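First residue of the sequence shown: 50, per our numbering; consecutive thereafter.
Glycine included, every Cβ here is placed at the ideal spot set by N, Cα and C.
None of the values given here were measured: they were computed from a predicted structure.
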Amino acid sequence: MNIDTSSVFWLDGDPAEVFTEESVAALRRRIAEDSSYEWNLDRGNHFIVTCRRADDGRYALVLHSNEKEFKDQFNGLCPTPGNWFADAVRVFEGERPVRLLTGDKAELFSDMAQMLLHFNVVRHRFLANLLLNGRVGVTSDVHKHHYYMPAPTSAAIGCYLCEPGEEVPVFSTLGQPIALFEAASGGRNAVSLLTGEDRLIVPHGWGMTSSRPLDVTRSGDVLTFNGRTYDLAPGVSLLGHPDIGPRLFGSSVEFLAAVKDHTPGRLTTELVQTASYSRHGFLRHGEKTDD
Numbered sequence: 050m051n052i053d054t055s056s057v058f059w060l061d062g063d064p065a066e067v068f069t070e071e072s073v074a075a076l077r078r079r080i081a082e083d084s085s086y087e088w089n090l091d092r093g094n095h096f097i098v099t100c101r102r103a104d105d106g107r108y109a110l111v112l113h114s115n116e117k118e119f120k121d122q123f124n125g126l127c128p129t130p131g132n133w134f135a136d137a138v139r140v141f142e143g144e145r146p147v148r149l150l151t152g153d154k155a156e157l158f159s160d161m162a163q164m165l166l167h168f169n170v171v172r173h174r175f176l177a178n179l180l181l182n183g184r185v186g187v188t189s190d191v192h193k194h195h196y197y198m199p200a201p202t203s204a205a206i207g208c209y210l211c212e213p214g215e216e217v218p219v220f221s222t223l224g225q226p227i228a229l230f231e232a233a234s235g236g237r238n239a240v241s242l243l244t245g246e247d248r249l250i251v252p253h254g255w256g257m258t259s260s261r262p263l264d265v266t267r268s269g270d271v272l273t274f275n276g277r278t279y280d281l282a283p284g285v286s287l288l289g290h291p292d293i294g295p296r297l298f299g300s301s302v303e304f305l306a307a308v309k310d311h312t313p314g315r316l317t318t319e320l321v322q323t324a325s326y327s328r329h330g331f332l333r334h335g336e337k338t339d340d
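See below:
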């Protein structure tokens, strides 16, 4: 169980001079060599982005990552062999096998997952503070989890749980505007938690898709996906499969139109990307060149 968080830091000035390829490289060295944090902002779909709000021009710094310090290690919450809760996992075999964590360790797992919600927010604040280095101020910040345990017996996987009228960022693709989306009632995305709370499921981004129909089979600990085999083990990903790629749309408006029956709401504005750091490296966006 990861804790993935979207964080938006509203700034009092242009971060272009502090968010550079050199400053990110220096921050990465400091984190990797001198701290107990682990660097993961260039892995998977994680990133650092600077942008401007389309309606009023306000600058923002956006971070998207998880608490890698509690992932695959012995103390982590991912089901790696031999970790602290592995001996308490019960496996029920069948066409769709189920792994169930029970007993005292299940309660501790839930408590740790709740503790890490605040941990990842502070982690993002720490990274933003070092990156901005006092040269650009933060006027306010908003944090929303999209991979976490909202209740002791449930998990949100890649989605926000919102109240009607709540605004969240919906991520797009490399260099494209990020939607600020206000969730509304009336769709097929309403859920009731065991805590008694009612929420609306909102995707945190455009997601991934397959270019061909899915052909998936399982035999023992091996998964076959569209002709390729994968071990059913922690860390194995379908991301490198040639049929798997980003789910692309022409704009935020087009994406929201595609999901409106399930996820109604409105586009309040967009965050126009000016620079980004991710697995694609450091990039500037929207720069004009002389003819």
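Taking the Cα of Phe-230 as reference, the smallest distance to any Cα among Tyr-209, Leu-223, Val-240 and Thr-244 is reached at Tyr-209. DSSP, reduced to helix, strand and coil, places Leu-76 within a helical segment of the structure shown. Looking from the CA of Ser-55, the closest CA among Val-217, Lys-120, Glu-87 and Asn-275 belongs to Val-217. For the set Leu-90, Phe-68 and Tyr-196, the Cα lying nearest the Cα of Cys-127 is the one of Tyr-196.
Per the coordinates, the alpha-carbon of Gly-235 lies some 12 Å from the alpha-carbon of Arg-248. Here His-173 carries a helix assignment [DSSP, helix/strand/coil].
Rounded to the nearest angstrom, the gap between the Cα atoms of His-173 and Leu-112 is 7 Å. In this model, Arg-139 and Pro-130 are separated by some 13 Å (Cα to Cα).
The Cβ-Cβ distance between Pro-252 and Thr-312 falls below 8 Å. Residue pairing by DSSP puts Gln-322 in a beta bridge opposite Cys-100. The three-state reading of DSSP puts Glu-231 in strand, counting E and B together. Along the length of the stretch 113-194, whole alpha helix (DSSP H) runs at least 4 residues long occupy 153-181, reported in chain order. Here Ala-65 carries a coil assignment [DSSP, helix/strand/coil]. Its chain contains Glu-87 and Trp-88 as the residues whose beta carbon lies nearer than 8 Å to that of Ala-81, once the 5 sequence neighbours on both sides are disregarded; these appear in chain order. The stretch 141-157 and the stretch 185-199 do not touch, with fewer than three beta-carbon pairs separated by less than 8 Å. The Cβ atoms of Phe-331 and Glu-66 do not sit closer than 8 Å to each other.
Pro-199 sits away from Ser-159, with the two beta carbons spaced by 8 Å or more. Judged by DSSP in its simplified three-state form, Leu-305 adopts helix. By the CB criterion at 8 Å, Ser-301 and Leu-223 fall outside the cutoff. Where Leu-249 is concerned, the enclosing beta strand (DSSP E) starts and stops at 247-252. Take Ala-103, set aside five residues on each side of it, and the residues of its chain with a beta-carbon closer than 6 Å to its own are Thr-318, Glu-319 and Val-321, in chain order.
The beta carbons of Thr-278 and Val-285 sit no closer together than 8 Å. Residue range 330-333 is occupied by the beta strand (DSSP E) that includes Leu-332.
By the CB criterion at 8 Å, Phe-119 and Trp-133 fall outside the cutoff. Bounds of the beta strand (DSSP E) holding Leu-210 are 208-211. Thr-151 and Leu-157 have their C-alpha atoms roughly 10 Å apart.
Shown here, Ala-81 sits in a helix according to DSSP, grouped into three states.
For Pro-218, the enclosing beta strand (DSSP E) covers residues 216-219. If the five residues before and after Asp-190 are omitted, its C-beta is found closer than 6 Å to the C-beta atoms of Phe-58, all from its own chain and listed in chain order.
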